[in-house]
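A.B. asks: Here the sequence shown is numbered in the numbering used here, starting from 304 and rising by one per residue.
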Amino acid sequence: MKKKMVEATVKIHGKRVPVGIMNTKQALDMPAEEGMKFSHPDGKPGETDVLLNRKELKDTLKPK
């Protein structure tokens, strides 16, 4: 199974700044930072406007 990719971003001085594109496991393994958001794994990293916090990202990956 191919791992889903997300873009990690952080808010600095009121602006969202990209940190990098990574797979979902790498995203969830990142240190917790205030303001950290991840693109929705069903969207295209770096292009989707749907952003999730760590808990929301983890919840989207749970089997239904």
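For each residue, glycine too, the CB sits at the ideal point set by N, CA and C.
Model, not experiment: these values are computed from the prediction.
In its own chain, which residues sit with a C-beta less than 8 Å from the C-beta of T312, not counting the 5 before and 5 after it?
C.D. replies: Result list for T312: R319, V320, P321, V322, M339, K340, F341, S342, L354, in chain order.
A.B. asks: So, helix, strand or coil for K306, using DSSP?
C.D. replies: Correct three-state label for K306: coil.
A.B. asks: So the candidates are P366, N326, R357; which of them puts its Cα closest to the Cα of P348?
C.D. replies: That would be N326, whose Cα lies nearest to the Cα of P348.
A.B. asks: Taking the alpha-carbon positions, what's the K361 to K314 distance?
C.D. replies: Straight-line Cα distance between these residues: approximately 20 Å.
A.B. asks: If you count every other CB in all the chains shown that lies within 10 Å of the CB of P366, and 16 or more means buried, which is it?
C.D. replies: P366 is exposed by the Cβ-count criterion.
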